[in-house]
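Participant:
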Amino acid sequence: MLARARTFALDGLESTGVSVEVNVRSGLPAFLIVGLGDTAVREARERVRAAIVNSGFDFPPRRIVANLAPAHLRKEGAGFDLALACATLAASGQLATAALDRWALFGELSLTGEVRACPGTLAAAEAARRLRCRGLVVARATAPEAALAEGLRVAAATSLREVVALLRGAPAPATAPAQPTSSPAEEPDLADVRGQEMAVQALAIAAAGDHNLLMYGPPGTGKTMLARRLPSILPPLSRAEALEVTRIHGIAGEHPGGGLVGARPFRSPHHTISAVGLVGGGARRRPGEASLAHRGVLFLDELSEFSRPSLEALRQPLEDGRVTIVRGQRAVAYPASFMLVAATNPCPCGLEDEMCRCTEADFARHRRRLSGPVLDRMDLVVHVGRPKLERLQAAPSIHSAEVRERVLTARERRSARRPDPVGAACGGDRLKWAQPEARARSALAAAYERGALSARGHDRVLGVARTIADLDASPAVRLEHVLQALALRQDAAFGAQRAA
Amino acid sequence: MTGGQPCSACLGRSRTLARLSPYLDRAGRGADRLVALLGLSDSRLAQLAGREADGGDPGAELGRCRRAGLTAICRHQDLYPARLRGLDAAPAVLYCTAPGGRLGDALAGPTMAIVGTRSASALGLETARALGRGLSAAGVTVISGMALGIDAAAHAGALEAPGHTVAVLAGGAERAHPVVHLGLYRRIAERSCVVSEALAGEAPRRWRFVARNRLIAGLADAVIVVEAPPRSGALLTARWARELGRPLGAVPGPVSAPRAAGVNALVRSGAELIRDAEDALELVCGIGGRRVPSPEAPAELPGLLGRLLAAVAEGAATPSELVESGIAPDEVLAGLAELELRGAVRRTLSGTYLPAL
Chain C
1 MLARARTFAL DGLESTGVSV EVNVRSGLPA FLIVGLGDTA VREARERVRA AIVNSGFDFP
61 PRRIVANLAP AHLRKEGAGF DLALACATLA ASGQLATAAL DRWALFGELS LTGEVRACPG
121 TLAAAEAARR LRCRGLVVAR ATAPEAALAE GLRVAAATSL REVVALLRGA PAPATAPAQP
181 TSSPAEEPDL ADVRGQEMAV QALAIAAAGD HNLLMYGPPG TGKTMLARRL PSILPPLSRA
241 EALEVTRIHG IAGEHPGGGL VGARPFRSPH HTISAVGLVG GGARRRPGEA SLAHRGVLFL
301 DELSEFSRPS LEALRQPLED GRVTIVRGQR AVAYPASFML VAATNPCPCG LEDEMCRCTE
361 ADFARHRRRL SGPVLDRMDL VVHVGRPKLE RLQAAPSIHS AEVRERVLTA RERRSARRPD
421 PVGAACGGDR LKWAQPEARA RSALAAAYER GALSARGHDR VLGVARTIAD LDASPAVRLE
481 HVLQALALRQ DAAFGAQRAA
Chain Z
1 MTGGQPCSAC LGRSRTLARL SPYLDRAGRG ADRLVALLGL SDSRLAQLAG READGGDPGA
61 ELGRCRRAGL TAICRHQDLY PARLRGLDAA PAVLYCTAPG GRLGDALAGP TMAIVGTRSA
121 SALGLETARA LGRGLSAAGV TVISGMALGI DAAAHAGALE APGHTVAVLA GGAERAHPVV
181 HLGLYRRIAE RSCVVSEALA GEAPRRWRFV ARNRLIAGLA DAVIVVEAPP RSGALLTARW
241 ARELGRPLGA VPGPVSAPRA AGVNALVRSG AELIRDAEDA LELVCGIGGR RVPSPEAPAE
301 LPGLLGRLLA AVAEGAATPS ELVESGIAPD EVLAGLAELE LRGAVRRTLS GTYLPAL
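Line order of the protein sequences matches chains C and Z.
Note that this note's numbering has the first sequence beginning at 1, numbered continuously upward.
Note that this note's numbering has the second sequence beginning at 1, numbered continuously upward.
(1) Does any residue of chain Z have a CB that is nearer than 8 Å to the CB of residue 348 of chain C?
(2) Residues in its own chain within less than 7 Å of residue 261 of chain Z by CB, not counting five upstream and five downstream?
(3) Is any heavy atom in the ligand HEM found nearer than 7 Å to the beta carbon of residue 19 of chain C?
(4) Residue 289 of chain Z CB to nearest chain C CB: under 8 Å?
(5) So which residues of chain Z does residue 388 of chain C contact, with C-beta pairs closer than 8 Å?
(6) Compare the C-beta of residue 303 of chain C with all C-beta atoms of chain Z and state if any pair is closer than 8 Å.
(7) Please name the residue in Z:6, Z:59, Z:12 whose C-alpha comes closest to that of residue 78 of chain Z.
(8) Cα separation between residue 32 of chain Z and residue 443 of chain C?
(9) Alpha carbon to alpha carbon, how far is residue 273 of chain Z from residue 246 of chain Z?
(10) Can you name the residues of chain C whose CB is closer than 9 Å to the CB of residue 250 of chain Z?
(11) Going by DSSP, which residues form a beta bridge with residue 340 of chain C?
(12) Step through the CB atoms of chain Z and report whether any lies within less than 8 Å of the CB of residue 458 of chain C.
(13) Closer than 7 Å between beta carbons: that is the criterion. Which residues of the region 89-110 of chain Z meet it against chain C?
(14) Please determine if the region 124-141 of chain Z and the region 162-170 of chain Z are in contact, where contact requires at least 3 C-beta pairs separated by less than 8 Å.
(15) Does the beta carbon of residue 447 of chain C come closer than 8 Å to any beta carbon on chain Z?
(16) Counting C-beta neighbours from all protein chains within 10 Å, is the total for residue 484 of chain C 16 or more, i.e. buried, or is it exposed?
(17) If the criterion is Cβ atoms closer than 8 Å, does the pair residue 156 of chain C and residue 175 of chain C meet it?
(18) In chain order, what residues of the same chain have a beta carbon less than 7 Å from the beta carbon of residue 427 of chain C, not counting five sequence neighbours either side?
(19) Does residue 384 of chain C get closer than 8 Å to chain Z when you measure Cβ to Cβ?
(20) Which chain Z residues are close to residue 443 of chain C, counting only those with a beta carbon under 9 Å from its beta carbon?
(21) Are there 16 or more other CB atoms within 10 angstroms of the CB of residue 58 of chain C, so buried, or fewer, so exposed?
(22) According to DSSP, simplified to helix, strand and coil, what is residue 33 of chain C?
(23) Measuring straight from C-alpha to C-alpha, what distance separates residue 126 of chain Z and residue 291 of chain Z?
(24) Using a C-beta to C-beta distance shorter than 7 Å, which residues of chain Z count as neighbours of residue 197 of chain C?
(25) If you count every other CB in all the chains shown that lies within 10 Å of the CB of residue 42 of chain C, and 16 or more means buried, which is it?
(26) My output table needs one value for residue 428 of chain C: the three-state DSSP class, helix, strand or coil.
(27) Out of curiosity, what's the CA-to-CA distance linking residue 244 of chain C and residue 170 of chain C?
(28) DSSP on residue 116 of chain C, reduced to helix/strand/coil?
(29) In the DSSP output, what is residue 96 of chain Z paired with across the bridge?
(30) Measuring straight from C-alpha to C-alpha, what distance separates residue 232 of chain C and residue 141 of chain C?
(31) Counting only Cβ pairs nearer than 8 Å, list the residues of chain C close to residue 319 of chain Z.
(32) Less than 7 Å between C-beta atoms, sequence neighbours within five positions excluded: which residues of the same chain meet that for residue 37 of chain C?
(33) Can you grab the Cα-Cα spacing for the pair residue 346 of chain C / residue 340 of chain C, in whole Å?
(34) Please work out which residues of its chain come closer than 6 Å, Cβ to Cβ, to residue 318 of chain C, disregarding the five sequence neighbours upstream and downstream, and give them in chain order.
(35) Could you tell me whether the Cβ of residue 480 of chain C comes closer than 8 Å to any Cβ of chain Z?
(36) Which class does residue 435 of chain C belong to by DSSP, given the choice of helix, strand or coil?
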């Protein structure tokens, strides 16, 4: 006898429908699963068999073949367990086959028959809605997450028995969608930072214009602390963004059963991370840190210690806002649109002033490690020094709430000025968009003429100046805005030194 | 003395030294021993090294030079620098990237060597550059070794003004050493010339660096050391300068800085204290002998910019330090950028600011 159940397989950051067909016929007792499954899918045989028996049902002593269709799609993980078990029960006459049309199933089974949460529930729920499934059964822990897919009936179950009861027509209580679990206001506050006005100003500019930021300075001056407080001055995620972030984190298993992500993600991978860890991929395709930082902040501490291949791998996400990974003849695109914040020592020894014994060659080597794909795209470079003692012990002078207010207003001005010329916009458009005053233009021209700026640098300085003007509530970009942007630009200083 | 071609004996001598390089490296440890060895005749040297004295074929030697684009000048020619004539064991042949006349022009007026450490601080580089520029503007030829750090900064500074600057290399003069200074090498060769006593194509060996430092001191009327830790090669140049009776100057640094310990010791032992190009000129031309042509007097900077510049000159090197002195962050950034555009301050690779000297 044949039964068919509906479940979902992850494909990149999306989920696609998978139909689980189970056929039970006479023959030597066996349980076979076909359809390009990984080890977790192969091991489902043992889990499903034990769960069925331990829930008080019969596991038919016959030849059982389960097919996961479409057969070409690689299937990973344990989310197929529930559908396999229910289809087996239906195929062996313990459940009406028609019952399986009403509900799609997504969940892992324990040997006792308990339904367990598994990664990617939100992605599965969105696929269920897209495929017009009538309802979705998931583990109780992940039900609120699944209920975020609006218009989908979601039933929570704790055990296989409960699932069977649901399929037999028991009433399913409605599940309330998950609430945001975090908000920018709950993030660490800038009030903890003392005496770093310059760095805070740079953070505000970065937050207002989505500019990448590099902080450098001796160890222990608060670079990491400052970066950690960037999400607190960024606007909260919109609902669409929050769903996207929740889905990505859910698939990576970073956010099991949690609710909607509210504050922007902040990821700070260790510098020993591999390129695959940073942008995703690997034998089991998994989003990397760059995708986990999507719509948020990717913080690279000790930037010069990251391996060259890792930093090179960031080139595509920095340009396109996504990562394309080709593996096993399939390409997967992970969204990876993040704000890059990095911190580094000013020189290899990390000391400053007279104590530094680094030679020019050491320095050049350190600089070379930093340069290339990442340093090119740093709009803001700011020094974070040791604050004076009286500042360190003073009462907090800056609060995230005030800065966030300024950032939000500036971002509104920015979005009102659409279209925003990003990337390859030509200089003329950019000038029209930024509206620099005559004196501002001539300062920019002077910097360019001195050989201190590249063509890209010229445009980027203008972009930063526009953001500073927005923070200043100025309709036009004035001279002081361009000057500030120039002082924050790293390669503006290069022309002077390169000749030596 | 003749014009014409370099003589065979000198070319032979030059070839012999190149062939005996491994021996000179070994036996010539200690600068005095090296000079003693270089004072010996070809045959005596070859005998000590256990080799046959063989000067090679002078004709082939000249051909090699021509192909490498070098001019050979032997000590019997008029073009040979007069300053080297009094030198014990002076190089028999100088190889020069320009026709001999150009070297003569460059060495016709007063000359000054500026040397220092390779691991220089930003301030040291700025000082060397300002000295080079000032001397060059006053018509003094700047001589140095084109090494990383101070040497290169001095050459670069000299190239910013119209004067001559001569680089003395330890290896063959047809090739930039260190190679990162290829651009600088080309600019020096175009403006003035690069010289060496090594044969065309010869890789620099240790004894050549010692001999090169002596040549720098020999070609200069006075020597200035900018930043040198206690065991710097620049201090060797200073020692040669003293032995050759050339006036010696040193730019002092903070007493706590290891990389200034060598120069501070020089000042303590009687070297002239050098603060700027004016002081340096005094060393070579006497008081009031020549003046650094000063460009138009810098305009008095208005309020905030003046305060910022004063703070930078006092040593508040980073924007965050300036903020701590009570100026708002946006004003600090805008002010520093304006000062930089006006050329009043300079931003270093590490993002700190220095007053432009």
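We put the CB at the ideal spot given by N, CA and C, even for glycine.
Facilitator: According to the structure data:
(1) no
(2) 229, 230
(3) Among the ligands in the structure shown, none appear at all, so the ligand HEM cannot be discussed.
(4) no
(5) 324
(6) no
(7) Z:6
(8) 57 Å
(9) 15 Å
(10) Within 9 Å Cβ-Cβ: nothing; residue 250 of chain Z doesn't reach chain C, min ~17 Å.
(11) C:298
(12) no
(13) none
(14) yes
(15) yes
(16) buried
(17) yes
(18) Its pLDDT being 43, under 50, residue 427 of chain C is placed unreliably in this model, and the value from its coordinates should be taken loosely. For residue 427 of chain C, where only same-chain residues beyond five positions count, the Cβ hits under 7 Å are 459.
(19) yes
(20) 337, 338, 341
(21) exposed
(22) strand
(23) 20 Å
(24) 323, 329
(25) exposed
(26) At residue 428 of chain C the pLDDT is 48, less than 50, meaning the model places this residue with poor confidence; the figure from the coordinates comes in the next sentence. Correct three-state label for residue 428 of chain C: helix.
(27) 33 Å
(28) strand
(29) Z:71, Z:195
(30) 28 Å
(31) 198, 382, 383, 487
(32) 68, 75
(33) 18 Å
(34) 377
(35) yes
(36) coil
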